[in-house]
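Chains as they are written, first to last, in this note's numbering: chain E, 38 to 187; chain S, 7 to 390; chain R, 245 to 602. Heads up, the thing below is written out as structure tokens.
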Amino acid sequence: MTKEYFREYFTALLPTASFDESGEWLNVQIQPEQWRSFALELRQSELNFNYLFCLTCIDWKTHLTMVYHLSSTVHRQTVVIKANLNRDSPEIETVSDLWRTAEFHEREVYDLFGVKFLNHPDLRRLILEDDFSGYPLRKDFEDPINMIKL
Amino acid sequence: MYTETQIVHNNTKTTVDGALDGTGEMVINVGPQHPATHGVLHLVITLNGETIKKLEPHLGYIHRSIEKMCESLSYRQFIYVTSRMDYLSSHINNHACALTVEKGLQLEIPPRAQVIRVLMDELTRIASHELWWGAMAMDLGAFTPFFYAFRERETITDIMEETCGARLTMNYMVPGGVMYDIHPNFQRRVKDFITLFKSKIDEYNDLVTGNIIFQNRMKGVGKLSAEDAISFGCTGPVARGSGVKSDIRKLFPYEVYDKVEFDEILETEGDSFARYMVRIREMHQSVRIIEQLIDNIPEGDFQAKTKAVLKLPKGEFYTRVETARGELGVYIVSEGGTTPYRIKFRSPGFSNLSALEHMVVGSKLGDLMATMGTLDLVIPDIDR
Amino acid sequence: MFSLEGLTNSLQQWLNAHFSSTWVLVIESLLVILLAITLFAILGLVLVLMERKVAAHMQIRLGPNRVGPMGMFQTTADTLKLIMKEGLTPDGADKFLFNLAPFVVMIVAMLLLAPIPFAQNFQIWDINIGVLFVSAVSSISVIGILMAGWASNNKYSLLGAMRSGAQIVSYELSAGLSIITIVVLTGSLQLSDIVSSQQNGWWIFKGHIPAFIAFVIFIIAVTAETNRAPFDMAEAESELTAGFHTEYSGMKFALFFLAEYINIFIVCAIGATLFLGGWMPLHIGNLEGFNHIMDYIPSSVWFFGKVFFLIFLIMWFRWTFPRLRIDQLLNLEWKYLLPISMLNLLLVTIMAIMGWHF
């Protein structure tokens with residue numbers, strides 16, 4: 038299985054997806070509402086992406102981007118899935134039932150970026166207190182007491 | 007933070023002391039100050055008698071938001087902060103960061119620096135596994151192994167001190183190579199250490215591995231199937247104890263790992279004893295790697311020529327390295343400036359911890375310590 | 245030859261010559277109380293220091309070496325510190341039981357000193373049911389531990405106390421059965437009789453393999469009964485932080501701590517008395533010359549030598565073995581030790597009836 042193979046496979050699956058092959062791995066840009074069905078396909082079809090090794094979010098000031106790094110212990114190929122979210126009410130479907138590691142990673146992203154994962158079994162703050170306000174890893178987060186501006 | 011009654015989910019009635027009404031169950035807090043959590047991990051455990059019904063980790067007691075701090079540090083500076091994540095394998099953390107920056111700069115590393123880096127990584131791995139071995143035996147109630155392990159670990163920290171000037175947070179790897187050349191004593195002392203270590207590791211097996219109480223405590227405890235290990239994103243000895251090939255040094259070799267001979271250790275049982283054996287056998291493999299390289303450090307520069315101010319091109323860079331605990335990923339998103347726009351550390355301990363509940367529910371409280379011990383959790387690595 | 249017997253006899257004569265018999269009894273009781281408390285304190289200090297030194301040398305370090313010569317006053321200094329500390333009682337605790345518990349544990353330990361023969365004819369109370377007294381009183385200490393665990397109103401304490409209860413009650417059986425093997429061989433419950441029956445050889449040698457099995461089971465069982473590693477379930481510091489005495493501080497904690505060491509001393513003294521001849525010197529059958537030389541060593545030296553050897557053995561266990569899990573601990577007792585000791589008792593009984601022992 039090669040980059041080209043995945044590219045064709047994904048194009049057939051999601052005609053609206055855009056691709057970026059400049060980096061080390063194939064980047065796939067999708068719409069957040071496509072994510073759940075796409076994830077199911079990645080996990081359960083013959084593609085067999087069974088190993089989600091990185092799940093994170095990037096704040097681009099205008100929007101948030103969810104980044105999923107997926108690999109497989111069978112064919113060892115990696116794809117990167119990205120989905121742009123609305124910054125005011127970021128919402129995306131959870132994948133914690135497909136890759137169980139996502140449960141913790143999604144809680145972390147919820148905690149630090151405020152992305153709401155729909156149907157997550159236990160979406161609470163993981164690191165900060167329950168009554169903490171704000172999302173520290175967003176670019177506009179201000180903490181005049183603990184943060185030193187360089 | 008939380009009072010005991012708050013953490014129990016809303017629809018369950020609790021009494022003041024945390025016992026759940028009518029179920030015969032009670033909630034106890036293991037941590038944040040507890041001898042077995044090796045740091046400030048907080049586990050909220052629902053117990054029925056001695057049996058664990060539910061386990062919930064609460065993180066954040068040592069969260070320094072290193073990812074946020076890195077956003078305002080330059081590509082030379084941010085490496086020093088990462089020594090404080092997984093402080094037991096700080097060399098390897100630095101290594102991962104240096105590799106990512108080098109990937110962005112498309113920098114070629116002098117062969118001497120590559121070999122020194124691998125040597126340091128493997129020494130760190132041995133030191134980390136030593137500490138784990140002592141601490142894990144202490145979790146099971148045996149105190150003496152801790153001192154045995156520290157005897158040898160001390161030798162490694164001395165070697166590190168001589169070359170890097172620090173014993174715990176070395177900050178030795180920089181983009182382009184290593185910070186200084188190795189100390190003239192380095193090779194001799196490492197060889198001495200290898201000879202010493204080979205004779206001592208049998209002592210470890212005599213003292214702990216062969217002990218019948220120890221084996222009874224470890225075998226069949228904290229089972230993790232290969233499928234679950236992958237799904238939970240477990241890496242390192244935890245995954246290899248379940249028979250999942252996950253050694254980044256083998257799968258995606260970096261530096262000179264493709265030129266040295268060593269085996270990836272796999273055990274298939276998936277219990278605590280398998281994870282224990284993986285680490286013990288890994289120490290032998292690290293010795294093997296060091297033996298192959300220690301006499302073959304090529305002459306030449308120890309650092310490539312780099313600009314004073316590093317600027318990464320616009321793009322995304324991801325590096326995976328194998329730390330003592332598993333796969334460490336460094337994900338840098340660059341906007342072309344002197345500081346990272348966003349940096350994410352995919353820490354091995356975080357994913358390994360997420361599998362803990364799955365592994366211990368239904369077993370005894372004592373098994374929790376046996377399982378947690380073999381996960382080799384370093385809390386600052388989980389909290390970052 | 246130095247002997248403690250001469251000392252007590254001359255004291256008794258002097259008292260009898262100067263006081264009426266009632267006053268003699270009162271004065272002797274006071275002396276015994278004073279001696280018992282002194283012994284209690286000194287033993288505590290010595291044993292804690294010994295434990296720390298043994299541990300240190302097992303762990304390739306030196307142990308306490310700053311306070312006094314070779315750190316000998318370290319434990320004294322520690323005790324002084326503990327006396328100075330505030331004895332906190334938690335708000336939620338049952339204050340009466342919480343404060344009572346350490347004393348219950350300590351009083352039990354002190355009571356057990358009564359029937360132990362420290363040297364030839366040097367015994368506080370040569371009660372004719374000595375063995376029964378020891379096993380009966382020693383099981384009271386579990387009440388103190390349960391009290392401490394329950395009254396602390398702390399979940400770790402409660403778990404520790406429950407574990408301890410299950411454990412001590414179980415291991416009492418094996419300890420009792422292995423004590424009975426010696427009673428069967430001797431035909432007496434009186435400790436002085438048991439010692440004198442070992443005139444021509446200690447029971448561990450005379451009783452063949454069954455006596456040895458009983459000795460091994462006894463050592464395992466008493467290690468568990470005194471809550472020592474590898475059976476330190478009640479404390480299990482990596483699981484329960486400090487088990488039943490989590491909430492105790494200052495002198496109340498020190499009392500638990502001292503009682504633990506006194507208990508070790510007592511069970512080792514019982515073990516030495518039953519299996520290793522107590523104060524009886526090492527005698528081999530009819531080797532008159534050898535036996536005579538051995539008699540020159542004072543009986544108190546023999547007694548303390550044997551006891552401290554057994555204590556060392558128990559400390560050695562602690563610093564070598566990992567801890568068992570609670571279910572494994574109970575399995576060991578109910579599935580292995582108890583059946584073995586029952587069978588062993590049967591063997592010993594047959595042996596005693598047939599007169600097969602020496």
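Ideal placement from N, C-alpha and C gives every residue a C-beta, glycine not left out. Predicted model, so just to flag it, every value in this text is computed and none were measured.
Query, Result
"Taking 7 Å as the limit between beta carbons, can you name the residues of its chain near Gln12 (chain S), skipping five residues before and five after?", "At Gln12 (chain S), the pLDDT of 42 sits below 50, so the modelled position is not reliable and the matter cannot be decided from this model."
"As an exercise, report each continuous alpha helix (DSSP H) stretch of at least 4 residues that is fully enclosed by the stretch 132-179 of chain S, in chain order.", "150-170"
"Among the candidates R:Met477, R:Gln443, R:Ile424, R:Ile384, whose CA atom is the shortest distance from the CA of Gly455 (chain R)?", "In the sequence on display, residue 455 (chain R) carries Ala and not Gly. Ranking the options by Cα distance to Ala455 (chain R), first place goes to R:Ile424."
"Counting beta carbon pairs with one atom in the stretch 532-550 of chain R and one in the stretch 123-132 of chain S, are three or more of them shorter than 8 Å?", "no"
"Helix, strand or coil: how does DSSP classify Lys311 (chain S) here?", "coil"
"Is there a Cβ from chain S that is less than 8 Å from the Cβ of Pro158 (chain E)?", "no"
"Give a yes or no on whether the C-beta atoms belonging to Pro354 (chain S) and Glu333 (chain S) are separated by under 8 Å.", "yes"
"At what residue ranges does the stretch 72-144 of chain E contain a whole run of the beta strand (DSSP E), taking only runs of 3 or more?", "88-96, 100-108, 115-123, 128-130"
"Check whether the Cβ of Phe323 (chain S) lies closer than 8 Å to any Cβ atom in chain R.", "no"
"Of the residues that make up the stretch 234-250 of chain S, which ones have a beta carbon closer than 7 Å to any beta carbon in chain E?", "Ile236, Ser237, Phe238, Gly239, Val250"
"Would you say Ala480 (chain R) reaches chain S, if we count a Cβ-Cβ gap shorter than 8 Å as a contact?", "yes"
"How should Trp267 (chain R) be labelled, buried or exposed, when 16 other C-beta atoms within 10 angstroms of its C-beta is the threshold for buried?", "exposed"
"For a quick check, are the C-beta atoms of Leu289 (chain R) and Thr252 (chain R) less than 8 Å apart?", "no"
"Does the CB of Glu158 (chain S) have a neighbour CB from chain R at under 8 Å?", "no"
"How would you list, in chain order, the residues of chain E whose beta-carbon sits under 8 Å from the beta-carbon of Val339 (chain S)?", "Ile95"
"Flag this pair as yes or no: are the beta carbons of Asp92 (chain S) and Asp387 (chain S) separated by less than 8 Å?", "yes"
"Would you mind telling me which residues of chain S sit closer than 9 Å to Glu61 (chain E), beta carbon to beta carbon, in chain order?", "Lys109, Glu322, Phe323, Tyr324"
"So Ser80 (chain S) and Phe141 (chain E) are supposed to be a Cβ contact under 8 Å. How far apart are they, rounded?", "The Cβ separation is near 31 Å, so there is no contact."
"Does Gln442 (chain R) pass the burial test, meaning 16 or more other C-beta atoms within 10 Å, or should it be called exposed?", "buried"
"Given a cut-off of 8 Å, decide if Ser382 (chain R) and Leu403 (chain R) are closer than it, judged by their beta-carbon atoms.", "no"
"Pick out the complete beta strand (DSSP E) segments inside the stretch 37-97 of chain S, 3 residues or longer, and give them in chain order.", "48-54, 57-64"
"Any contact of the stretch 584-592 of chain R with the stretch 551-570 of chain R, i.e. 3+ C-beta pairs under 8 Å?", "no"
"Would Gln120 (chain S) and Glu261 (chain S) qualify as a contact pair, given that the criterion is a beta-carbon distance under 8 Å?", "yes"
"In whole angstroms, what separates the C-alpha of Ala102 (chain S) from that of Arg90 (chain S)?", "14 Å"
"For Met166 (chain S) and Arg173 (chain S), which I take to be in contact (beta-carbon distance under 8 Å), what is that distance rounded to the nearest angstrom?", "6 Å"
"Would you mind working out which of S:Glu114, S:Thr312, S:Leu230, S:Asn99 sits nearest Gly247 (chain S), comparing C-alpha positions?", "S:Leu230"
"Would Arg113 (chain E) count as contacting chain S if we go by Cβ distances under 8 Å?", "yes"
"Tell me which residues share the same chain as Asn177 (chain S) and place their Cβ nearer than 8 Å to its Cβ, disregarding the 5 neighbours each side in the sequence.", "Ile85, Tyr86, Ser89, Ser96, Asn100, Cys170, Met185"
"Which residue from R:Glu504, R:Ser482, R:Arg472, R:Thr490 puts its Cα closest to that of Leu557 (chain R)?", "R:Arg472"
"Report yes or no: do three or more beta-carbon pairs, one from the stretch 258-275 of chain R and one from the stretch 519-532 of chain R, lie closer than 8 Å?", "no"
"What does Ala473 (chain R) touch in chain S if you count any residue whose Cβ is under 7 Å from its own?", "Gly147"
"Here's the rule: buried if 16 or more other CB atoms are within 10 angstroms of the residue's CB, otherwise exposed. What is Arg255 (chain S)?", "buried"
"To the nearest angstrom, how far is the alpha carbon of Phe534 (chain R) from that of Gln364 (chain R)?", "19 Å"
"Could you tell me which residues DSSP pairs with Ala363 (chain R) in its beta bridges?", "R:Phe366"
"Which whole runs of the alpha helix (DSSP H) in the stretch 94-123 of chain S are 4 residues long or more, in chain order?", "96-111"
"Looking at chain S, is there any beta carbon in it that lies within less than 8 Å of the beta carbon of Phe141 (chain E)?", "yes"
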